[in-house]
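>
In the UniProt record's numbering, the protein residues as written are 1 to 967.
Below is the structure:
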């Protein structure tokens, strides 16, 4: 099966095949595509357009291209997942310095012949047969000959990966070049749908090739061909020379990318300039706050609740994460576009925003700009200085190149100094705005639907800031021209992270709660949009265009779809099922036709024909209807796209550390723990179907993460209970003076003529009521804060929904019950003995009553019977077994003996019963207790043996069951 696939790959990858054969060759990617690819929200619309439309040959070819764009973007994810898996198997090799660990050679991918493998890799692209390998390591070379078949089979899956990378490069590059040359406009406000599909493929193409640098491509290819020649009498494998050319042209990958994408560079530059204002806006916290981009209130008219001032900008802010990636990768592979006057500021804002940029779990540093972009800029600077153009143009080009050079050289150090403060300011802004948003929409849920795009924008911005934080926390980077490592100044105790996680969680819950209202609003919008589109189609400008039959029919079908959608009525909205994928398919068909340079009617004609009406143009109405239609039947997908934090899985170790530092800090909030725990539910979404065992691995990591957080939460809960149960807690409110202390106090009062101004006037003696004095006010406030935090935490944990991670379900209420009762049991054992002596039972009873009162206080905030649990613990501790010194019976494995009663009984036996005969311990009937005849020893028997103490002991362990015996 593998060999047939190998043969197919080599034939399919041939550049001489026609485009029609490339369409059939998409079947090669079935391994990389998701099983439900035909039903995914994006690809569904494109796919049906491709096969169901009877369009002209040009428009049909355009539809086919869009289908390839969507599928190849998904193929890119599969390729990166497979490469990442290979890197993990090989224990992250260092291919620059050729440093490989022992695990690399024991992974079973390469033969354990380091000298031969390293030589063929270093001498690439020289043919292995020219290297006289038998002289390098004769023993290893003979071992290769003997086991060549086995080694070849081990390398075959990875040589297939190289073939897939080569085929992906050819098909994706052809699509990128074709779309760039045929699409009229790729501006976000005119053709956002096709623009996003095009740029997604562009970025996927760049990412795949950059990640491929992390796998040992040369060693795979050279060793495979060497083994093949051994088995095939010196014949090279048929694809060897093409793969050599491919690997060599992308060594390093950025060099090949810059050459391949040189033809689309101007179009990429136009796109990056167009998205620049949105990137500037997303970084301007003052403007975002003052102009109300993230507020449901109108910025200039506070009495108007629905903020309709920035509807398009709100939608653009939801896509700002994608725009940032476009800028980062676009200028990296199209460096000439940095010479545009406006590009400097865009690139500066983007690159100074981060110290690192994670590229599929690998850091993309500013060094890449130094190594691969700066030489291009210096070359342009040199040419401008040599007077290639007119003097005025040459001076302008030279000055711009000089500014870009300065920016690239200084941006890394600037980012090290300022990036954390910049992002902290944004997190504070988002914390405030999302907090207000949650309160407002909770109080006014009817306004959630009109502002849903603003909610998506807030989720996207918060999502980006959280991921940025965990990408940078705990790393160290080197400054240019310096060997020392400089730690990035990230505060691991920053409380804003907890607030953002909680805000995202609450916003998502609000959207899910009022999904029916959002759906109803979207349906109402689409119904009104149908009338507007029908009106625009009947305007004189549209009539004068004389649309062809096919395009006119598409518009009529669109109006028909919108006019026949279900009408929302009252409380029945939630029961309405509406699939608007057919409408989106039709609208995408229109876009594919009118954005093609081969079409007689294009997007500019439609805008000119309809914009003169004074209302939104036809394209704007259609794009708006497309976006609102997704709020009807794809709301879950949109919510996951903007609010999912699944990428935090790759930083789950940092998550645990930051949680522990912030959750129980001064600004931590108990309700945040729900959001921290809820993240784990989306971790398995990071798994790729291309790696079979990845789902189980990520699932195990997610379970460990949840268990670790639950352990920390329960530790915090236990700590709060113990703080309240300490002498500095409720114990400070229960001070009572013993008789001898009262006598001493009276004696001191007689001696001192002036009245006491403070309970601390007598050294070492705290009087009842001392806590009410002003100097002790802080301790009472701390006590109140601990009590408030305890009750809040219990309420939150009680109301929290079960956390589901694959087939594991975590119910926090059960963990909380186990924690409280376990802590109660440990408390009994801790206070029972003091310095190897038994604590007085009356004191133990008092301390346990104080602890039980705290548990009863907790019980008021949770839906569980803790009193019954306390009784069970006390009864379990009261069960006794054979006394160890007087019975030689071996204790049965299933016999459970209470530790408390065993400790107490053993003490009484050792210190009272045994000492009655030999240590002067006598029973005193008058005092109804045991006493010592002579003063010796470290304990006083009558303190633990009088009737009152024995009654207290029985009350502790037996409770009310033996009331008669006690009396």
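C-beta: ideal position from N, C-alpha, C; glycine also. Note that the structure is predicted; figures quoted are calculated from it, not measured.
#1: Terminal residues of the continuous beta strand (DSSP E) containing residue 184?
#2: How far does the alpha helix (DSSP H) with residue 202 in it extend, from its first residue to its last?
#3: Roughly how many angstroms lie between the CA atoms of residue 336 and residue 245, to the nearest whole one?
#4: With a CB to CB cut of under 8 Å and the five nearest residues on each side skipped, what residues in its chain are close to residue 628?
#5: For residue 437, which residues does DSSP report across the bridge?
#6: Could you spell out where the beta strand (DSSP E) holding residue 808 opens and where it closes?
#7: Determine the DSSP secondary structure at residue 953, reduced to helix, strand or coil.
#8: Work out the CA separation of residue 396 and residue 73 for me, nearest whole Å.
#9: Determine the DSSP secondary structure at residue 567, reduced to helix, strand or coil.
#10: Select from 827, 855, 506, 558 the residue whose C-alpha is nearest the C-alpha of residue 671.
#11: Evaluate contact between the segment 198 to 216 and the segment 341 to 351, counting only Cβ atoms and requiring at least three cross-stretch pairs below 8 Å.
#12: Tell me, please, whether the segment 452 to 465 touches the segment 497 to 506 by the rule of three or more beta-carbon pairs shorter than 8 Å.
#13: Starting from the Cα of residue 386, find the closest Cα among 207, 398, 533 and give me that residue.
#14: Inspect the beta-carbon positions of residue 673 and residue 646 and report whether they are closer than 8 Å.
#15: Going by Cα to Cα distance, which pick from 257, 716, 207, 620 is closest to residue 373?
#16: What is the residue span of the alpha helix (DSSP H) that residue 377 lies within?
#17: Kindly provide the ranges of any beta strand (DSSP E) runs that are 3 or more residues long and lie completely inside the segment 637 to 714, ordered along the chain.
#18: In chain order, what residues of the same chain have a beta carbon less than 7 Å from the beta carbon of residue 566, not counting five sequence neighbours either side?
#19: Only counting runs of 4 or more residues, tell me where the alpha helix (DSSP H) segments fall wholly within the segment 488 to 516, in order along the chain.
#20: Would you kindly work out how many angstroms separate the C-alpha atoms of residue 531 and residue 539, rounded to a whole number?
#21: Grab the span of the alpha helix (DSSP H) containing residue 117 for me, first residue to last.
#22: Out of 263, 163, 232, point me to the one whose CA is closest to residue 175's CA.
#23: Can you tell me whether residue 892 is buried or exposed? The criterion is at least 16 other CB atoms within 10 Å of its CB, across all chains shown.
#24: Is the separation between the beta-carbon of residue 79 and that of residue 151 shorter than 8 Å?
#25: Got a sec? Which residues, its chain only, sit under 6 Å from residue 886 by beta carbon, not counting five neighbours each side?
#26: Would you give the residue range spanned by the beta strand (DSSP E) that residue 805 belongs to?
#27: By a C-beta neighbour count over all protein chains shown, 10 Å radius and 16 as the cutoff for buried, is residue 108 buried or exposed?
#28: Alpha carbon to alpha carbon, how far is residue 684 from residue 691? Give it in angstroms, no decimals.
#29: Suppose the cutoff is 7 Å on Cβ atoms and the five residues either side in sequence are ignored; what does the same chain contact list for residue 429 look like?
#30: Looking at the structure shown, is residue 834 part of a helix, part of a strand, or coil, going by DSSP?
#31: Could you tell me the alpha carbon to alpha carbon distance between residue 950 and residue 811, rounded to whole angstroms?
#32: Are the CB atoms of residue 648 and residue 470 nearer to each other than 8 Å?
#33: If we call anything under 8 Å between Cβ atoms a contact, is residue 198 one with residue 173?
#34: Helix, strand or coil for residue 596, going by three-state DSSP, please let me know.
#35: From the beta carbon of residue 845, is the nearest beta carbon of chain B less than 8 Å away?
#36: Would the beta-carbon of residue 167 fall within 8 Å of that of residue 227?
Considering the structure as presented:
#1: For the purposes of this step, residue 184 is identified with residue 184 of the chain shown, where counting begins at 1. First-last for residue 184: undefined, no H or E at that position.
#2: Start at 1 with the first residue of the chain shown, and residue 202 comes out as number 202. 192 to 211 is the extent of the alpha helix (DSSP H) around residue 202.
#3: Working through the chain shown from its first residue, we reach residue 336 at position 336. Working through the chain shown from its first residue, we reach residue 245 at position 245. Each residue's alpha carbon lies about 26 Å from the other.
#4: The residue labelled residue 628 in the question sits at position 628 within the chain shown. Here the set comprises 522, 525, 526, 529.
#5: Taking the first residue of the chain shown as position 1, residue 437 is located at position 437. Paired residue(s): none; residue 437 is not in a bridge.
#6: Indexing the chain shown from 1 puts residue 808 at position 808. Here the beta strand (DSSP E) through residue 808 covers 808 to 810.
#7: Against the chain shown, residue 953 aligns to sequence position 953. DSSP places residue 953 in helix when its eight states are reduced to three.
#8: In the chain shown, counting from the first residue as 1, residue 73 sits at position 73. In the chain shown, counting from the first residue as 1, residue 396 sits at position 396. In a straight line, the C-alpha of residue 73 is about 39 Å away from that of residue 396.
#9: Here residue 567 is taken as the residue at index 567 of the chain shown, counted from 1. Residue state, collapsed to three classes: coil.
#10: By 1-based counting over the chain shown, the position of residue 671 is 671. Ranking 827, 855, 506, 558 by Cα distance to residue 671 puts 506 first.
#11: no
#12: yes
#13: Position 386 of the chain shown, counting from 1, holds the residue named residue 386. It is 398 whose Cα lies nearest to the Cα of residue 386.
#14: In the chain shown, the residue the question calls residue 673 occupies position 673. In the chain shown, the residue the question calls residue 646 occupies position 646. Not in contact: residue 673 and residue 646 (Cβ atoms no closer than 8 Å).
#15: Stepping through the chain shown from its first residue, residue 373 is reached at position 373. For the residues 257, 716, 207, 620, the minimum Cα distance to residue 373 belongs to 257.
#16: Taking the chain shown and counting its residues from 1, one reaches residue 377 at position 377. Residues 374 to 385.
#17: none
#18: Residue numbering aside, residue 566 sits at position 566 when the chain shown is read from its first letter. For residue 566, where only same-chain residues beyond five positions count, the Cβ hits under 7 Å are 523, 576, 578.
#19: 496 to 513
#20: Sequence index remark: in the chain shown, residue 531 carries index 531 (1-based). Sequence index remark: in the chain shown, residue 539 carries index 539 (1-based). Computed Cα separation, rounded: 13 Å.
#21: Within the chain shown, numbered from 1, the residue matching residue 117 stands at position 117. Counting along the chain, the alpha helix (DSSP H) containing residue 117 begins and ends at 114 to 122.
#22: By one-based count along the chain shown, residue 175 stands at place 175. Closest by alpha carbon: 263.
#23: Taking the chain shown and counting its residues from 1, the one referred to as residue 892 is at position 892. No answer about residue 892 holds up, because its pLDDT of 49 lies below 50 and its placement is not dependable.
#24: On the chain shown, residue 79 is found 79 positions in, with the first residue counted as 1. On the chain shown, residue 151 is found 151 positions in, with the first residue counted as 1. Taking 8 Å as the Cβ cut-off, residue 79 and residue 151 do not qualify as a contacting pair.
#25: As a first step, residue 886 must be located in the chain shown, where it is residue number 886. Caution applies to residue 886, whose pLDDT of 44 falls short of 50 and renders its modelled position unreliable; the value that the coordinates give is listed next. Cβ neighbours of residue 886 beyond the five flanking positions: none.
#26: As a working note, residue 805 is residue 805 in the chain shown. Counting along the chain, the beta strand (DSSP E) containing residue 805 begins and ends at 803 to 805.
#27: What you label residue 108 is simply residue 108 of the chain shown in a count that begins at 1. It is exposed - the Cβ of residue 108 has fewer than 16 other Cβ atoms within 10 Å.
#28: On the chain shown, position 691 is the one that residue 691 refers to. On the chain shown, position 684 is the one that residue 684 refers to. Their backbone Cα atoms lie some 13 Å apart in a straight line.
#29: Counting from 1 along the chain shown, the entry for residue 429 is found at position 429. Excluding residues within five positions, the ones whose Cβ falls inside 7 Å are 285, 288, 289.
#30: Here the question's residue 834 lines up with position 834 in the chain shown. Correct three-state label for residue 834: strand.
#31: Sequence index remark: in the chain shown, residue 950 carries index 950 (1-based). Sequence index remark: in the chain shown, residue 811 carries index 811 (1-based). If I take the Cα positions, the gap works out to 41 Å.
#32: Counting from 1 along the chain shown, the entry for residue 648 is found at position 648. Counting from 1 along the chain shown, the entry for residue 470 is found at position 470. Yes.
#33: In the chain shown, residue 198 corresponds to position 198, counting from 1. In the chain shown, residue 173 corresponds to position 173, counting from 1. No.
#34: What you label residue 596 is simply residue 596 of the chain shown in a count that begins at 1. In this structure, residue 596 counts as strand in the three-state DSSP scheme.
#35: This model lacks chain B altogether, as it is built from one protein chain only.
#36: The sequence position of residue 167 within the chain shown is 167, counting from 1. The sequence position of residue 227 within the chain shown is 227, counting from 1. Not a contact, by the Cβ cut-off of 8 Å.
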